[in-house]
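Working notes, structure below.
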Amino acid sequence: MVEVEQLGQPVSLLAAAFTPALRTRLLILQGTPFCNIDCRYCYLPERNNKSRMSLQTVRRAAQRLRDDGLAGDELTVVWHAGEPLVLPPSYYEAAFGVLAEELGACTRLTHSMQSNATLIDDAWCRFFRRHAVAVGISVDGPAPLHDAQRRTRSGGPTHAAVQRGIGRLRAHGVPFHAIAVLTHDALHQPDVFFDWFEAEGVHDLGCNFDEAEGLHAGSSLEGHEDAHAAFLARVLERSLAAGGAPVVRELAQALGIVARGLPSYRYQGQVWPDNAQVLPWALLTVAHDGDFSTFSPEFLGQRWPAYADFVLGNVHRGGFLDSMASDAFGRLWRDIHAGVQACARHCAHFAYCGGGSPVNKLYERGSLAATETLYCRTMVQRPFHAVLQRLEHEQQAEPLTR
Amino acid sequence: MADKASGLGRVITLVGITSLVVTPAAASVERQRLQLQSRIDAVRQALQQTSAATLHDATLTAQAAHWNNWPKWSKWSNWANQ
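Protein chains in written order, with the working numbering: chain A, 1 to 402; chain B, 1001 to 1082.
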């Protein structure tokens, strides 16, 4: 079979086997694993750990990235995998400076922060504006939906604090996008859900769902996939009727795929549809202590002995590309690529996806070499079909080629 | 693997093996794949042959223009590229 191809070769040759050359698109830095709240669906295992990434670690990560040639023309740094705003603006002033020193000459850097918004105040807003930080707010819509999951450490609601944070962003003219985590409760309330984001003036909205991964063992969407399809169709209708806002990320991406397809890459002479979660170093995650990983960012901090807990190295001890010769990387790559090959054989959507999400394969199916997951159906297939059906409906309602 | 030109993985052709068994499951996937590709081709053709002004729903066109700026396919898309 075709999938035997590269597995007998030294993995140290792996980086050279990709065309175009491997580049990091998104550098995820865990300033701290600590989070000031305690969401019920959170998958992160170290939310009580108040460690912070030292500036020396920030510098070393940047140097490794530069020295390995992984920095392309543009690089987005997202501070995530913990609540970034529990560290003060002065920390990020210094960290941004370090990153600019090490990477500013070779790439165009942009910073992004994904926050629960409860700590946003005027000082943060001034910081966001000063550094043109792309701010993402984690909010699940109106209070009943949001507060059912996103709780304080003492079990209290957080929605009011989030609205205060959004109010400060607005007062300072800081643009922001929102990411909601859909649970079963939201599926039957698409209008209530949409109304809230529309009223808040959110222009860009991502709709994740409570994935089964890490500490969160099961998804509330299991067994309710038809309801999710109906939810998406309704949200698409509402978005169109509202003049295109909020723009829903999953539907936006789906239209891009329907209209233009995915870009592709070559790996050892074969062409594959692009999927950042199965390309080494496209998504690069560095933990607060310098441990690093790649592929699915949710691997960070998880325990899985067969894959060395997904830790491929530490920026203080070695580079990213060097780690590709390690057993840990070899095992991970072998199984992830086997999963991509299995998707190519068994999934009709492969051309529009490129091989699914490794972390979801592992936590839902128990194997990186597995194929379809709830994640695939929820984040890829249903948005894709909602948009495709809408476009077909448009053609039937008024032929485009009249 | 064939279909290298398009990169879409539309047809998986096994080469260099002495026997080829096409299972009912594999045939079913291939059928679904071709049906999906046919629908996509039709939509793309229509989108290419029309101007925005002739679309029944101009809002959809406006969204498409905006959505075109979102090139990546995962929840880890780069929102900063807006």
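Where a beta carbon is used, it is the ideal one built from N, C-alpha and C, also for glycine.
Predicted, not measured: the structure shown is a model, and the values here were computed from it.
(message) Rounded to the nearest angstrom, what separates residue 241/A and residue 198/A at their Cα positions?
(response) Taking the first residue of the first sequence as position 1, residue 241/A is located at position 241. Taking the first residue of the first sequence as position 1, residue 198/A is located at position 198. Approximately 12 Å between the Cα atoms of the pair.
(request) With a 10 Å radius around its C-beta and 16 neighbouring C-beta atoms as the bar for buried, classify residue 1038/B as buried or exposed. (result) Here residue 1038/B refers to the residue found at position 38 when the second sequence is read from its first residue. The residue is exposed, with fewer than 16 neighbouring Cβ atoms inside 10 Å.
(request) Buried or exposed for residue 226/A, please, with buried defined as at least 16 other CB atoms from any protein chain shown within 10 angstroms of its CB. (result) Stepping through the first sequence from its first residue, residue 226/A is reached at position 226. Per the 10 Å Cβ criterion, exposed.
(message) I want to see whether chain B comes within less than 8 Å of residue 405/A, judged by CB atoms only; does it?
(response) The requested residue 405/A is not part of the displayed model; chain A covers only 1 to 402.
(message) How far does the beta strand (DSSP E) with residue 266/A in it extend, from its first residue to its last?
(response) Here residue 266/A is taken as the residue at index 266 of the first sequence, counted from 1. 264 to 267 is the span of the beta strand (DSSP E), which, as asked, contains residue 266/A.
(request) Using alpha carbons as the reference points, say which of 174/A, 272/A, 175/A lies closest to residue 345/A. (result) As a first step, residue 345/A is located in the first sequence; it is residue number 345 there, counting from the start. It is 272/A whose Cα lies nearest to the Cα of residue 345/A.
(request) Run down chain B in chain order and give the residues with a C-beta less than 9 Å from the C-beta of residue 180/A. (result) Indexing the first sequence from 1 puts residue 180/A at position 180. The contacting residues do not exist; residue 180/A stays about 12 Å from chain B at best.
(message) Quick check: the region 257 to 267 of chain A against the region 202 to 221 of chain A, are at least 3 beta-carbon pairs closer than 8 Å?
(response) no
(message) Is there a Cβ of chain B sitting closer than 8 Å to that of residue 346/A, yes or no?
(response) Here residue 346/A refers to the residue found at position 346 when the first sequence is read from its first residue. True, the Cβ-Cβ gap to chain B drops below 8 Å.
(message) Along the chain, where does the beta strand (DSSP E) containing residue 270/A start, and where does it finish?
(response) For this step, residue 270/A is matched to residue 270 along the first sequence. Element bounds for residue 270/A: 270 to 273.
(message) Could you compute how far the alpha carbon of residue 374/A sits from the alpha carbon of residue 364/A?
(response) Here residue 374/A is taken as the residue at index 374 of the first sequence, counted from 1. Here residue 364/A is taken as the residue at index 364 of the first sequence, counted from 1. About 8 Å.
(request) Flag residue 119/A as yes if its beta-carbon sits less than 8 Å from any beta-carbon of chain B, otherwise no. (result) Position 119 of the first sequence, counting from 1, holds the residue named residue 119/A. Not one chain B Cβ lies under 8 Å of residue 119/A.
(message) For the structure I just gave you, are there three or more beta carbon pairs, one from the region 313 to 327 of chain A and one from the region 380 to 391 of chain A, closer than 8 Å?
(response) no
(message) Against residue 258/A, what residues of chain B qualify as contacts under a CB-to-CB distance less than 8 Å, listed in chain order?
(response) Counted from its first residue, the first sequence places residue 258/A at position 258. Chain B residues near residue 258/A: 1040, 1043, 1044.
(request) Measuring only between beta-carbons, confirm whether residue 187/A sits less than 8 Å from chain B. (result) Position 187 of the first sequence, counted from the first residue, corresponds to residue 187/A. No - not a single Cβ of chain B is within 8 Å of the one on residue 187/A.
(message) So for residue 37/A, helix, strand or coil by DSSP?
(response) For this step, residue 37/A is matched to residue 37 along the first sequence. DSSP places residue 37/A in strand when its eight states are reduced to three.
(request) Using three-state DSSP, classify residue 320/A as helix, strand or coil. (result) The count along the first sequence starts at 1 and reaches residue 320/A at position 320. Residue 320/A falls in the coil class under three-state DSSP.
(message) Please report the straight-line C-alpha distance between residue 211/A and residue 142/A, rounded to a whole angstrom.
(response) For the purposes of this step, residue 211/A is taken as the residue at position 211 of the first sequence. For the purposes of this step, residue 142/A is taken as the residue at position 142 of the first sequence. Cα to Cα, residue 211/A sits roughly 21 Å from residue 142/A.
(message) Taking 8 Å as the limit between beta carbons, can you name the residues of its chain near residue 1054/B, skipping five residues before and five after?
(response) Your numbering for residue 1054/B matches position 54 in the second sequence. Interpretation of residue 1054/B is limited by its pLDDT of 41, a score under 50 that renders its predicted location unreliable; the figure taken from the coordinates is listed afterwards. The answer is none, since no qualifying residue turns up.
(message) Please classify residue 1028/B as buried or exposed, where buried requires at least 16 other C-beta atoms within 10 Å of its C-beta.
(response) If you number the second sequence from 1, residue 1028/B lands on position 28. Exposed, by the Cβ-count rule.
(message) Considering just the uninterrupted stretch of the alpha helix (DSSP H) at residue 239/A, what are its terminal residues?
(response) Within the first sequence, the letter at position 239 stands for residue 239/A. Here the alpha helix (DSSP H) through residue 239/A covers 225 to 241.
(message) Threshold first: 3 residues or longer. Then list the beta strand (DSSP E) segments lying entirely within the region 177 to 230 of chain A, N to C.
(response) 204 to 209
(request) Taking residue 57/A as part of the alpha helix (DSSP H), name the residues at either end of that continuous run. (result) To locate residue 57/A, count along the first sequence from 1; it is residue 57. Counting along the chain, the alpha helix (DSSP H) containing residue 57/A begins and ends at 55 to 67.
(message) For the region 370 to 390 of chain A, list every residue whose C-beta sits within 8 Å of some C-beta in chain B, in sequence order.
(response) 379, 380, 388, 390
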